[in-house]
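Enquirer: So for the sequence shown, my numbering puts the first residue at 40; every next one is plus one. Dropping the structure in here first, questions after.
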Amino acid sequence: MRKAFTRIAQCFLIIMFTFLIAAIPVYGREPISKGILVVAHGVNDPNWTNPVWEVVYELKNNFPCPVALGFLEFVEPGIPDGVEELNQAGVNKIIAVPLFISSYSNHIEEIRYVLGLREDLPGGGHEGHGAGHEEDLERARPQGEVVLTPAIDDHPLMAEVLAEQIGLLVKDPANEIGILAAHGSDTEEGQKGWVDNLKSLGGQIQERLENKGIRLKDIKHGFVFEGLTPSVREAVYEAVYTDGATALVVPVMISEGYFTGHKIPGILKEFPKDTYRYPENGQRALITFKKSYASRLVEWRAAGKLWPQLEVAKAGETLELTLDKCQEIAQAAGKGYPCSVLAFRLAGVTLPILWPDSPMAADDLMVVSLLPPDAGSKPVFDYLAGPADVKYLGNWKKITPVSPTFIFSNKATGETVFIHVKPDTFGGEDFFALRNKVVNGQASAKEKVALKARQDLLLKNLLTRPAETVFTWKKAPPLSVSSLNGALQKFSYADLAVEEKKLCVCGSFGFRLLGEAFTLLYGEKLPQQGQFEAVSGWSTHGIEDALKLVAGEGNYALFGEEPFNADNYYLAVTDKATSRTAFFKVKPSLFPAEFFALRNKVKQDTATPEEKARFQELRLQVIWPLLFKPTEEIFSVSLYTKGGTGGGGSGALPPSVDKVEKPVQARVTTVAEVPGKVKVEVPAGAVSGTNAAIVVEVVDDKKASGAGITLLGKVVDIKLKNGALRGRITITFYFDKNKLGKDQEPTVFCYDEKQGKWVRLEGAVDADKEMVTVTVDHLTLFAVFAVAKKVQPPPPPPVVIFKDMQGHWAANAVGKLAAMGIVSGYSDGTFKPENDLTRAGVTVILTRALKLAPGQEEKLKFKDGAAIPAWARGAVLAAAKGVKTIKCWEE
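Spelled out as structure tokens, the structure:
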């Protein structure tokens, strides 16, 4: 009994642990101070409260911080219970979100009282929910600050819900009037707030319906709270008998209950049935009609306080950039969510980085985006920085996963933040193709619905996710140099790469590579113009302007001629005092396959409009990695000392990009690398001899041309000077994966001079980094070729398990032999391992293993042949006659 109890207890603990783990949101909860309290009125009716709980359960999963629910009255948990739940979670700042229609409700003041935000209860009555008398209100004891957000009010999400509800009732819009049925307030100030919000909602509803081709005669409102005008009855009467219209009556309420199911239908029964229409059950309130929007509304109110709100110094005033302010700005420009929320979250991440100790200075802000100019976030940044300093460069008809990229610059300091919205925020990269189909009128009705759902997911993620799960960002300091006269000069990314209607690819290269070179050569020291020189393997206006600006006249050289290809894209920066050179070679994979062909057509003015648009898209695909990707993923980098003292000016020669010679070190690994092509690592002790040197040289591919397979990189000749190889060395080759076929893989070959052919070597492939590594004990010519992928051998046969072999020392071997058909068990599923093994049994096993065909029984000549079991007779003959596996006894 004790054992049984122990097992039950263990199962219980496991189940509890499982539920605890399941309760943890996807984005791990670090100890935080903020928490969210959803406050609802409360009605002693599960039809009203259950939908509220469903919303709160969703919020608990969506937010990265604790979320609790507290009802004002009638049902549990009460507000003090919800506060205590947050206290226990370590929350010291509560964001209380009233799930109420209006901030002008007397209930809001009661909530303030319970939360300790006012000292006494408000006077006057309640709007009520038809559920009896109000209770005495117990006060909560929060452990820290409490912030109460606005209620729903005239939020555009609420307008969207109401417009959809009314739209379902419309039949003859020119002769129909929408009636918004709401609670109202018994105070003059409160009632004014209700009326203003309902008028605002009415205007938004009309606009949304008109955008769908539905023009109602009018939208009015009426109140269900006794004594308020116009009442619902008066509003319907006026619509029907004064305006001669059909009344489309929609409740403006949180959940369905007494008012939606009894009060309003009771009023409507006073009118002829054909004079009004009213939603069906389940479509009469916010939560029951559009639960996801109820969640978004609470998320919106919470997000406005959960995420950073910024101070902005603009036109001599200090303003606060709130989430609602972003929506107001976007809405005034005919835009809105989710783009307004995106702008709010972007500003909350980037601007404190650029202005860490003061309000953001609007005059010093520049914003560049790869989204199109019609994007809904642009009006917010136009408001902050002014349209002249905001550039949106994308194509409205086609956006890609690269498009939601933004560049924020502080013009006063030259500091820049690159920030990108992760595709997961949109629900995946397929969002962009779906959006493009809808925008270009190519989507089906099903796809339009799918896009709407993805936009809702985007809104949810922007409202609820922590910044690090929504964005990738990187701060870039300006390029700082000392001029010839000692003055400090700073060059931002915008100075080198931002043009009027585009980003400059070459300027982007210049900014990234010069910054990397300065770090390698000078560390924290300030480079001085005239003391360093730069050499570029390609010559365009963009790179020339960048080098002229940063290095100064006479301190740079340009090589290469059109048409350029990936091999031209290298940059060498040399410190003249030390002759140390930082050399960067762009990996070919950075450039999309069509890039150079389309670039040439555009430069020759032979590209079609479609090709020009495609090239602009490819340009951004090249620029994006320059902003975000780690150096080693997109460049091959080497640091070496040039012979002599350098030399300077435009007469400087480019560094050798095809040959390198390194003295072999006796006690450490020697590395010799031709950047972007090959790297050779010689371990200590692998070479004998005095003054030995490893020589690595890229040679012509004449011998590779006869191999009959595709060359993926360069042919490399590796030699030793003054030494002999007595160990193994490691060689890493870079290859171009764009040349690989669908069923091909990169493979290293060495050239056998005696046989005059290429010999395959086994190596390790890193497809992401476009590298393949081999270890060799001889030196010759090497190259990487594309070969057919190896066909994987079939999986081994499954191991057969016999009932009586469980745990037996020979179980695995017997199972494998049975799977191969060499041994077999009995019909009852057993093997009987302790049974004696006869000569007949051994013979059967051997013939099966040797795969000998059974012989014919009539040829069996043993004297005791009749005693041989029938199941072994063919095997015995095969063994005796076929390969003389067995012999008979002398008798």
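Idealized CB from N, CA, C, for every residue including glycine.
Assign Lys758 to one of two classes, buried (16 or more other C-beta atoms within 10 Å of its C-beta) or exposed (fewer than that).
Expert: So Lys758 ends up on the exposed side.
Enquirer: Taking Gly880 as part of the alpha helix (DSSP H), name the residues at either end of that continuous run.
Expert: Looking at the DSSP string, the run of the alpha helix (DSSP H) that includes Gly880 is Arg878 to Leu889.
Enquirer: Taking the alpha-carbon positions, what's the Phe598 to Arg799 distance?
Expert: Cα to Cα, the separation comes out at about 37 Å.
Enquirer: If you compare alpha carbons, which of Ala354, Leu659, Ser416 and Val234 is closest to Thr439?
Expert: For Thr439, the nearest C-alpha among the options comes from Leu659.
Enquirer: Hey, could you find the ends of the alpha helix (DSSP H) Val533 is sitting in?
Expert: Looking at the sequence shown, residue 533 is not Val but Ala. That run of the alpha helix (DSSP H) goes Tyr532 to Ala536.
Enquirer: Which value, in whole angstroms, describes the spacing of the CA atoms of Lys741 and Gly593?
Expert: Rounded to the nearest angstrom, the two C-alpha atoms are 39 Å apart.
Enquirer: What are the boundary residues of the alpha helix (DSSP H) that includes His580?
Expert: His580 -> alpha helix (DSSP H) spans His580 to Val589.
Enquirer: What did DSSP end up calling Gln370 once you bin it into helix, strand or coil?
Expert: If DSSP states are grouped into helix, strand and coil, Gln370 belongs with the helices.
Enquirer: Using only the heavy atoms of the ligand NAP, determine whether one of them is closer than 7 Å to the beta carbon of Trp87.
Expert: What this structure holds is no ligand at all, so the ligand NAP is not there to describe.
Enquirer: I need the straight-line Cα distance from Ser483 to Trp435, nearest angstrom please.
Expert: Spanning the two alpha carbons is a distance of roughly 20 Å.
Enquirer: Out of Val122, Lys461, Trp910 and Phe674, which has the shortest C-alpha to C-alpha gap to Val883?
Expert: For Val883, the nearest C-alpha among the options comes from Trp910.
Enquirer: Mark Asp867 as exposed unless 16 or more other C-beta atoms lie within 10 angstroms of its C-beta, in which case mark it buried.
Expert: Classification of Asp867: exposed, given that the 10 Å Cβ count is below 16.
Enquirer: Ala324 by DSSP, collapsed to three states: which one?
Expert: Three-state DSSP puts Ala324 in coil, outside helix and strand.
Enquirer: Name the two residues that bound the continuous alpha helix (DSSP H) containing Gly206.
Expert: Looking at the DSSP string, the run of the alpha helix (DSSP H) that includes Gly206 is Pro195 to Leu208.
Enquirer: When we look at the beta-carbon of Tyr865 and count the other beta-carbons within 10 Å, is it buried (16 or more) or exposed?
Expert: Exposed, by the Cβ-count rule.
Enquirer: Which runs of the beta strand (DSSP E) at least 3 residues long sit entirely within the segment 407 to 442? Give them in chain order.
Expert: Qualifying beta strand (DSSP E) stretches, in chain order: 429 to 431.
Enquirer: Touch check for the segment 344 to 351 and the segment 399 to 407: three-plus C-beta pairs under 8 Å?
Expert: Segments in contact, yes.
Enquirer: By the 10 Å Cβ neighbour count, where 16 or more other Cβ atoms means buried, how is Gln481 classified, buried or exposed?
Expert: By the 10 Å Cβ count, Gln481 comes out exposed.
Enquirer: Does DSSP classify Gly109 as helix, strand or coil?
Expert: Correct three-state label for Gly109: strand.
Enquirer: Assuming contact is defined by CB atoms lying nearer than 8 Å, are Gly546 and Gly569 in contact in what I supplied?
Expert: No; because the gap between Cβ atoms is not below 8 Å, this pair is not in contact.
Enquirer: Taking the beta carbon of Tyr608 as the centre, do at least 16 other beta carbons fall within 10 Å, making it buried, or is it exposed?
Expert: Buried, because 16 or more other Cβ atoms sit within 10 Å of the Cβ of Tyr608.
Enquirer: Short of 7 Å in beta carbon distance, which residues of its chain neighbour Ile60, apart from the five on each side in sequence? Order them along the chain.
Expert: Interpretation of Ile60 is limited by its pLDDT of 38, a score under 50 that renders its predicted location unreliable; no figure is taken from the coordinates.
Enquirer: Give me, in chain order, the residues of the same chain whose beta-carbon lies closer than 7 Å to that of Asp175; leave out the 5 immediate sequence neighbours on both sides.
Expert: There are no such residues.
Enquirer: So is Gln794 buried or exposed if we call it buried at 16+ other beta carbons inside 10 Å?
Expert: Answer is exposed; the Cβ neighbour count stays below 16.
Enquirer: Identify the continuous alpha helix (DSSP H) that holds Thr508 and give its terminal residues.
Expert: Note, Thr508: alpha helix (DSSP H), Ala506 to Val509.
Enquirer: Below 8 Å on the Cβ atoms is my guess for Ile770 versus Phe824; work out the distance and round it to an integer in Å.
Expert: Incorrect: roughly 15 Å between the Cβ atoms, too far for contact.
Enquirer: What residue range is occupied by the uninterrupted alpha helix (DSSP H) comprising Pro602?
Expert: Here Pro602 belongs to no alpha helix (DSSP H), and DSSP marks it neither H nor E.
Enquirer: Apart from the five residues just before and just after Asp413, which ones in its own chain have a Cβ nearer than 7 Å to its Cβ?
Expert: So the qualifying residues of the chain are Trp435.
Enquirer: In whole angstroms, give me the CA-to-CA distance for Glu538 and Ala646.
Expert: One C-alpha to the other measures close to 22 Å.
Enquirer: Run through DSSP, which three-state label would Ile63 get?
Expert: In this prediction, Ile63 scores a pLDDT of 43, lower than 50, which makes its location untrustworthy; the coordinate-derived value is nonetheless stated afterwards. Three-state DSSP puts Ile63 in coil, outside helix and strand.
Enquirer: Since Arg384 contacts Leu497 with CB under 8 Å, what's their CB separation in whole angstroms?
Expert: Arg384 to Leu497, Cβ: 11 Å. No contact.
Enquirer: Given that a residue counts as buried once 16 or more other Cβ atoms are within 10 Å of its Cβ, and exposed if not, what is Glu97?
Expert: Buried, by the Cβ-count rule.
Enquirer: Taking 8 Å as the limit between beta carbons, can you name the residues of its chain near Asn126, skipping five residues before and five after?
Expert: Hits under 8 Å: Arg180, Pro181 and Gln182.
Enquirer: Inspect the CB distances between the segment 321 to 328 and the segment 283 to 295 and report whether three or more fall short of 8 Å.
Expert: The segment 321 to 328 vs the segment 283 to 295: in contact.
Enquirer: Taking only three categories from DSSP, how would you classify Leu498?
Expert: Three-state DSSP puts Leu498 in a helix.
Enquirer: Between the beta-carbon of Val200 and the beta-carbon of Lys329, is there less than 8 Å?
Expert: Yes.
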